[in-house]
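By the UniProt record's numbering, the letter at position 50 of the sequence shown is numbered 50, and the numbering carries on one by one without gaps. Virtual Cβ for every residue (Gly too), placed ideally from N, Cα, C.
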Amino acid sequence: MIGELVSVAPEAQALVLLAQCVTYLARAPKSIEVYSAYNNVKACLKNHKGPLPPVPLHLRNAPTKLMKGLGYGQGYKYNPMFKGPVDQDYLSEELRGLNFFKKTH
């Protein structure tokens, strides 16, 4: 959104918008929660036994007829097209139920 505003606003206004965004982020409460979760995901995948869990078919890009025929991209729900949250899984079955925000694995 800020990128759209900056692209259509005059330069002086764009700089003010960017400064406001930077100030907001600088003053926001800080947490290492996302950093820790990211590291937990990396550790989970690094220590995973066997082949890595597959990307769910509905999340895979389908640039060819073959891929479309194999089910790639079928059933994908594009969130902005819905008024509320969509019921859709984004993790492989092997990873569902894991909470990367807690060090439990």
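* Asked: residue 57 to residue 18, Cα distance in whole Å?
  -> Numbered from its first residue, the sequence shown carries residue 57 at position 57. Numbered from its first residue, the sequence shown carries residue 18 at position 18. Distance from the CA of residue 57 to the CA of residue 18, rounded to the nearest whole angstrom, comes to 38 Å.
* **Whole alpha helix (DSSP H) elements within the UniProt domain "MgsA AAA+ ATPase C-terminal" (11-104), 4-residue minimum** => Taken in chain order, the complete alpha helix (DSSP H) segments of 4 or more residues contained in the UniProt domain "MgsA AAA+ ATPase C-terminal" (11-104) are 11-27, 33-46 and 65-69.
* To do: Run the CB neighbour count on residue 100, radius 10 Å, all protein chains shown included, and call it buried at 16 or more, exposed below.
  => Here residue 100 is taken as the residue at index 100 of the sequence shown, counted from 1. Flag for residue 100 reads buried.
* Asked: Excluding the five sequence neighbours on either side, which residues of its own chain have a C-beta within less than 7 Å of the C-beta of residue 73, listed in chain order?
  -> Numbered from 1 along the sequence shown, position 73 holds the residue referred to as residue 73. Hits under 7 Å: 58, 60, 61 and 62.
* Excluding the five sequence neighbours on either side, which residues of its own chain have a C-beta within less than 6 Å of the C-beta of residue 94, listed in chain order? -> Within the sequence shown, numbered from 1, the residue matching residue 94 stands at position 94. The answer, listed in chain order, is 53.
* Asked: Residues in its own chain within less than 6 Å of residue 40 by CB, not counting five upstream and five downstream?
  -> Here residue 40 is taken as the residue at index 40 of the sequence shown, counted from 1. Only 100 meet the Cβ criterion.
* Rounded C-beta distance between residue 87 and residue 96? I'm assuming under 8 Å. -> Translated into the one-based positions of the sequence shown, residue 87 becomes position 87. Translated into the one-based positions of the sequence shown, residue 96 becomes position 96. About 13 Å; that fails the 8 Å criterion.
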